[in-house]
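Novice:
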Amino acid sequence: MINIKINNREYSFEEKITILHAAKKANLKIPTLCYNEKLAPYGSCRLCSVEVKGKKTLMPACVTRIEEGMEIKTHSEKVRRVRKIIMELIIASHGINCNLNCLNCSRSGTCEIREVAEEIGITEIRIPPIDNYEPIDNSSFSIVREPQKCIVCNRCVRKCAEVQNVNILTISNKGPSTHITTFMDKGMGNVDCTNCGQCILECPTGALHEVYHMENVWNLLENDEYITVVQTAPAVRVAIAEEFKQKPGTIVTGQMVEGLKLLGFDKVFDTNFAADLTIMEEGTEFINRLKNNGKLPLFTSCSPGWIKFIEHNYPEYLDNLSSCKSPQQMFGAIVKNYYAKKLDISPDKLKVVSVMPCTAKKYESQRNEMSKDVDFVLTTRELAKMFKHAGIDLCNLPESKYDNPLGESTGAAVVFGTSGGVMEAALRTAYEIITGLELENLDFNNVRGIKGIKEATIKIGSKDINIAVANGLGNARILMEKIKKEEKKYHFVEFMACPGGCIGGGGQPIPTDEETLIERMTSLYDIDKNSKIRKSHENPYIKKLYEEYLGEPNGEIAHEILHTHYTVRG
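See the structure below:
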């Protein structure tokens, strides 16, 4: 046991943990900005400084481990005074126009720097703002970087390197000139960024945020020249309520639909419809490859962050990717082809807006391969802002239903929003198509959960199908290296760019910690469990779509509008 004193009270710990961790166990909160328990300690901001008897200087609690007999003071006069000075310097370096930009900050409503300042007791700013202007990086379709708001806490760098294993951000220069940048200052749109947005979730100051499409959408809603339709991704309905101070996982599907109608969208449809359609196309593709000795393992193609990651890092495996567009893009293609024909209007008169948990969807919608299927993409956070700007109290709205024919979906579609969901939905359909038998137990528990990599062998008929599921690009890299080394033969692999899958997307409400992910995931499975139809191939509107327009899964028309190709990026 290690015996120490914190604020003159005695504590015993079994391990040589950090002072920060010890204080937390003693129910004492020490302020931090650069610290995140999921990332390697960095110790740059020094807000967590504490007084340790016998030490001439204050010690950073996040990187200093306890020792036998250590006496610590977490809020002495000296500690409080120094923390205030540090925080004032951080605020001074945080950008002259921070207050003016607050409404457009990705952290609005959950401003970490403001919350920490309040905890420390900052009541006035005695240090004039430091003019550290650097040009805004607008090179990306998905993410904007505002350097003058950056406090160099390094959390974005560590998240990109340690969790996502992408490594496109770095620290440059020393002393007062230290700043975060990309390789050769080329900008986020000109390096190997996957647009996943995990850096946004980590940034405490709003120096990183999504490329906003809100004004474009407001303009569309005011323009009577177009019919503007909107689609909502499965993970949005279990997260957006957090922006209205509800607990994570609160389901507000019907209220969200009503809110979108109040905003003025002509039709409110569901991305889940296109998720069911994706299963029909991707499931059929998998069955065809399995039966005809096609390229295996088949990799899922729903996550645009994962797609860009493999294009950059493993281009030799592009043929393993399903040729299916993502549900977002399939939906746009169906609207501008099938739905336009039903309305007997030109596709140019239809505008498609997506509400996604994902910043990479903004980039995906702009890819040349996607034929402008989707016009604008709002993140979950952006839609919440639009509701607030319109005075819409989301959680107290009456419930409305999605419009048809593109608003009907199954339980299989809604679990697309969490890691393992695409795999589970595909297995439900593939099993019944291959065997001709009804699947008794629809729950594939061995692919569920937020564990980074999950593996299983599923028996379908007489064949053992080896499957794997990876969430987070760091785990995707680990699994891809196993595949390269042929450590195990897989038939079907699901990849999601973000930890936890879409529920942890870069466009979701902040914070998105592990407890929040579990609550959102649980709610998606609750929706699935309570759905009348839980298998994609039983969706009556999907059947009607094939009868009236597509013909058959993987057929000529389906391939023309619902499938795509990929780019070797190196």
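Its first residue numbered 1, the sequence shown is counted upward by one per residue in UniProt numbering. For each residue, glycine too, the CB sits at the ideal point set by N, CA and C.
Nearest to G504 by alpha carbon, out of I130, G43, L201?
Specialist: L201
Novice: Taking the beta strand (DSSP E) that I240 belongs to, which residues open and close that run?
Specialist: Where I240 is concerned, there is no enclosing beta strand (DSSP E), given that its DSSP letter is neither H nor E.
Novice: Note down the Cα distance separating F331 from E115, rounded to an integer number of angstroms.
Specialist: 40 angstroms
Novice: Return the chain-ordered ranges of every beta strand (DSSP E) run that is complete within the region 145 to 219 and spans a minimum of 3 residues.
Specialist: Taken in chain order, the complete beta strand (DSSP E) segments of 3 or more residues contained in the region 145 to 219 are 169 to 172, 179 to 182, 208 to 210.
Novice: Suppose you measure from the CA of C324 to the CA of E369; what does that come to, to the nearest Å?
Specialist: 12 angstroms
Novice: Where does the unbroken beta strand (DSSP E) through F269 begin, and where does it stop?
Specialist: Bounds of the beta strand (DSSP E) holding F269 are 267 to 270.
Novice: Among K454, E440, F416, which has the Cα closest to the Cα of N446?
Specialist: The shortest C-alpha separation from N446 is found at K454.
Novice: For C48, tell me which candidate among M386, E68, K84, K55 has the shortest Cα-Cα distance.
Specialist: K84
Novice: How big is the Cα-Cα spacing for E311 and R569?
Specialist: Straight-line Cα distance between these residues: approximately 5 angstroms.
Novice: Roughly how many angstroms lie between the CA atoms of L378 and E316, to the nearest whole one?
Specialist: Using only the alpha carbons, I get a separation of about 33 angstroms.
Novice: Smallest Cα separation from Y35: which of V63, N27, E10, S12?
Specialist: V63
Novice: According to DSSP, simplified to helix, strand and coil, what is T522?
Specialist: helix
Novice: With a threshold of 6 angstroms on Cβ separation, who are the neighbours of I557 within its own chain once the five nearest residues in sequence on each side are excluded?
Specialist: L550, G551
Novice: Ignoring anything shorter than 4 residues or poking outside the region 260 to 340, list the alpha helix (DSSP H) runs there in chain order.
Specialist: 271 to 291, 304 to 313, 327 to 334
Novice: Please list the terminal residues of the continuous beta strand (DSSP E) segment that includes N471.
Specialist: 463 to 471
Novice: In the DSSP assignment, find the unbroken alpha helix (DSSP H) run with R381 in it and report its ends.
Specialist: 380 to 389
Novice: Span of the alpha helix (DSSP H) holding R126?
Specialist: Premise fails: R126 is in no alpha helix (DSSP H) and is neither H nor E.
Novice: Contact between the region 404 to 411 and the region 328 to 345: three or more CB pairs below 8 angstroms?
Specialist: yes
Novice: Find the nearest neighbour of N3 within the set K29, S462, S44, G69, judged by alpha-carbon distance.
Specialist: Nearest of K29, S462, S44, G69 to N3, Cα basis: G69.
Novice: Under the assumption that C502 contacts T418 (Cβ atoms under 8 angstroms), give the Cβ distance between them as a whole number of angstroms.
Specialist: The C-beta distance from C502 to T418 rounds to 7 angstroms, short enough to meet the 8 angstroms contact threshold.
Novice: With a threshold of 7 angstroms on Cβ separation, who are the neighbours of L39 within its own chain once the five nearest residues in sequence on each side are excluded?
Specialist: R155, R158, K159, E162
Novice: In three-state terms, what does DSSP make of T564?
Specialist: coil
Novice: Does DSSP put Y11 in a helix, a strand or coil?
Specialist: strand
Novice: Can you name, in chain order, every residue of its own chain whose Cβ lies under 7 angstroms from the Cβ of E538, other than the five neighbours on each side?
Specialist: T410
Novice: In chain order, which continuous runs of the beta strand (DSSP E) of length 3 or greater are located wholly inside the region 397 to 482?
Specialist: 453 to 460, 463 to 471
Novice: From I96 to H179, what does the alpha carbon distance come to, in whole angstroms?
Specialist: For I96, the predicted structure reports a pLDDT of 49, less than 50, and the residue's modelled location is therefore unreliable. A value from the coordinates is still provided. Whole-angstrom Cα-Cα distance: 17 angstroms.
Novice: Quick check on this structure: which residue in K295, G305, Q328 has the alpha carbon closest to the alpha carbon of L321?
Specialist: K295
Novice: Taking DSSP's pairing of strands, which residues face K351 in a bridge?
Specialist: T228
Novice: What residue range is occupied by the uninterrupted beta strand (DSSP E) comprising K73?
Specialist: Segment 71 to 73, the beta strand (DSSP E) holding K73.
Novice: Taking three-plus beta-carbon pairs below 8 angstroms as touching, is the region 249 to 263 in contact with the region 514 to 533?
Specialist: Contact annotation: the region 249 to 263 touches the region 514 to 533, with at least three C-beta pairs closer than 8 angstroms.
Novice: Report the three-state DSSP secondary structure of residue 579 (helix, strand or coil).
Specialist: Not covered by the structure: residue 579. The range shown for the chain is 1 to 570.
Novice: Taking L290 as the reference, which of E10, S462, A61, I136 has the closest Cα?
Specialist: S462
Novice: Can you give me the start and stop residues for the beta strand (DSSP E) that E51 sits inside?
Specialist: 49 to 52
Novice: Please report the straight-line C-alpha distance between T359 and M496, rounded to a whole angstrom.
Specialist: 13 angstroms
Novice: Would DSSP call F244 helix, strand or coil?
Specialist: helix
Novice: Going by the DSSP bridge assignment, what does V374 pair with across the sheet?
Specialist: Residue pairing by DSSP places V374 in no beta bridge whatsoever.
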